[in-house]
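If you count the sequence shown from 1, position 181 lands on 180 in numbering that gives the first Met the number 0, and the numbers rise without skipping. We treat Cβ as the ideally placed atom computed from N, Cα and C, and that holds for glycine.
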Amino acid sequence: MERPPSSLANAFRCIHRCSPATLRPERSRARSRRCHGVITSLTWICLGIALGAGMGGAALAQGADRSVPPVGEFERLLFLASADTPLHQEVFEGLSGALPPDRQAIFTAVDAPDAALWMQSADCNRCLVITSGTRALESAQWQMRKARVLSITLPRLSHEQIMADQEADPRFAAIFIDIPLERRLEMVRRHVPALNRFAIVQSPGFGTTGDEANLREKDDPQALQRFAAENDDDLIPTFIRASRAADAIVTVPDRRIYNPRTIVSIMMTTYRQRTPLIGHSEALHRAGALMSIHSPPSALGHEAGRFIQSLRGPADWKPIRRHTGVHQVSINHQVARSLRITVEDP
Numbered sequence: 000m001e002r003p004p005s006s007l008a009n010a011f012r013c014i015h016r017c018s019p020a021t022l023r024p025e026r027s028r029a030r031s032r033r034c035h036g037v038i039t040s041l042t043w044i045c046l047g048i049a050l051g052a053g054m055g056g057a058a059l060a061q062g063a064d065r066s067v068p069p070v071g072e073f074e075r076l077l078f079l080a081s082a083d084t085p086l087h088q089e090v091f092e093g094l095s096g097a098l099p100p101d102r103q104a105i106f107t108a109v110d111a112p113d114a115a116l117w118m119q120s121a122d123c124n125r126c127l128v129i130t131s132g133t134r135a136l137e138s139a140q141w142q143m144r145k146a147r148v149l150s151i152t153l154p155r156l157s158h159e160q161i162m163a164d165q166e167a168d169p170r171f172a173a174i175f176i177d178i179p180l181e182r183r184l185e186m187v188r189r190h191v192p193a194l195n196r197f198a199i200v201q202s203p204g205f206g207t208t209g210d211e212a213n214l215r216e217k218d219d220p221q222a223l224q225r226f227a228a229e230n231d232d233d234l235i236p237t238f239i240r241a242s243r244a245a246d247a248i249v250t251v252p253d254r255r256i257y258n259p260r261t262i263v264s265i266m267m268t269t270y271r272q273r274t275p276l277i278g279h280s281e282a283l284h285r286a287g288a289l290m291s292i293h294s295p296p297s298a299l300g301h302e303a304g305r306f307i308q309s310l311r312g313p314a315d316w317k318p319i320r321r322h323t324g325v326h327q328v329s330i331n332h333q334v335a336r337s338l339r340i341t342v343e344d345p
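Structure below.
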């Protein structure tokens, strides 16, 4: 079993003292500002020395080794975020809260100045990289050859598209952020029994089916109908058609349909049609969806931390690919009153 050079171990120890992972959540923001310069300097100096001593060649070794040795204890944990934003910071805080003090991860983002060095230093057979978001997984997929990778905070479809050429690679595991449609509809019916017919508006090519004439997915419930908006000019007419065919419109993580540029028009159109939206995120709940069924960022991080904790001891690495087991139902009672919809609390 490979052991890290002492210079690299010392580098991790000296940087860890100023890492956000070692800070209490309530102090992390203030101390992060004071430590920012220290972290960057120590990263480049300490890791530069370690890589110069011979770690660089091993970390950048070409050719993926698909053999997976027993897990035991991970020597290094790296949290790679798609961006240094509040969402990914909240996921990281949830992860940190689920891990013991002596097994904390180091936080970095794809565009951070020191991200490349962190990824090089954490690319070993006994390293674990937790990616948060699609960009982070893309970076890890192309740049990391040895580390195990646990992907969170991304939908199943995005993961499948990114991993199309490495679907069977046992180094990669994932916990998908999206909740299966059938499960979402069951929760909707429990709260609003009057809603029986549902529609999805999506862009062409969204989903896994290749048949543009029949948008239906293999796992779609019978009470669900899909509509495709061909372009921006077709967006509002498509929502009108969907509203007339369904009791509610279920949103999906399709950025070509649901984005800051279109959301106001979508909300106004569906409201005029008296057709509520069932959102998939907290942002859509705030924007005016009747109900949103989503996974809070901190809960996603905590769930990932518990999975990592389950790998301690004799258990081996598990290349799982499953949906999140946590969710939150947010109800907009003001919208319910405006649309005269009765919402029950089961």
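- DSSP, read as helix, strand or coil, puts Phe238 in helix.
- For Arg170, there is no enclosing alpha helix (DSSP H), as DSSP gives it neither H nor E.
- Beta bridge pairing from DSSP links Ser150 with Thr130 and Ala173.
- Contact between Ala244 and Val200 does not hold, since their C-beta atoms are separated by about 11 Å, which reaches or exceeds 8 Å.
- DSSP lists Leu79 as the bridge partner or partners of Thr107.
- The count of Cβ pairs closer than 8 Å, one atom from the segment 147–167 and one from the segment 105–121, stays below three, leaving the stretches out of contact.
- Contact between Val90 and Ser157 is ruled out by a C-beta separation of about 16 Å, above the 8 Å threshold.
- Straight-line measurement puts the Cα of Ala247 at about 14 Å from the Cα of Ile292.
- DSSP lists Val249 and Met290 as the bridge partner or partners of Ile277.
- Contact between Asn331 and Ala288 holds: CB atoms are separated by about 6 Å, below the 8 Å threshold.
- DSSP places Ala227 within a strand segment (E or B) once states are collapsed to three.
- The C-alpha of Ile262 lies about 13 Å from the C-alpha of Ser280.
- Taking the Cα of Ala104 as reference, the smallest distance to any Cα among Asp110, Ala111 and Gly93 is reached at Gly93.
- Judged by DSSP secondary structure, His322 falls within the beta strand (DSSP E) whose first and last residues are Arg320 to His322.
- Annotated three-state conformation of Ser329 is strand, per DSSP.
- Secondary structure note for Phe205: it is in no beta strand (DSSP E), with a DSSP letter that is neither H nor E.
- Pairing Gln224 with Ala241 gives a Cβ-Cβ distance under 9 Å.
- Per DSSP, reduced to three states, the secondary structure at Ile256 is coil, with no helix or strand assignment.
- Asp122 has its alpha-carbon roughly 44 Å from the corresponding atom of Leu234.
- In this structure, DSSP gives Ala244 a helical state, which the three-state scheme calls helix.
- In the structure shown, Ala303 falls within a helical segment according to DSSP collapsed to helix, strand and coil.
- Residue burial is scored here from C-beta neighbours: Ala303 has at least 16 other C-beta atoms within 10 angstroms and is therefore classed as buried.
- Residues Pro3, Cys123, Arg125 and Cys126 of the same chain have their beta carbon placed closer than 8 Å to that of Glu74, with the five preceding and five following residues left out of the count.
- With a threshold of 16 other beta carbon atoms within 10 Å, Gln88 meets it and is buried.
- Per DSSP, Ile340 lies in no alpha helix (DSSP H) and is assigned neither H nor E.
- Cβ-Cβ separation between Ile176 and Thr152: approximately 6 Å, consistent with a contact (criterion under 8 Å).
- As DSSP reads the structure, Ile161 sits in no beta bridge.
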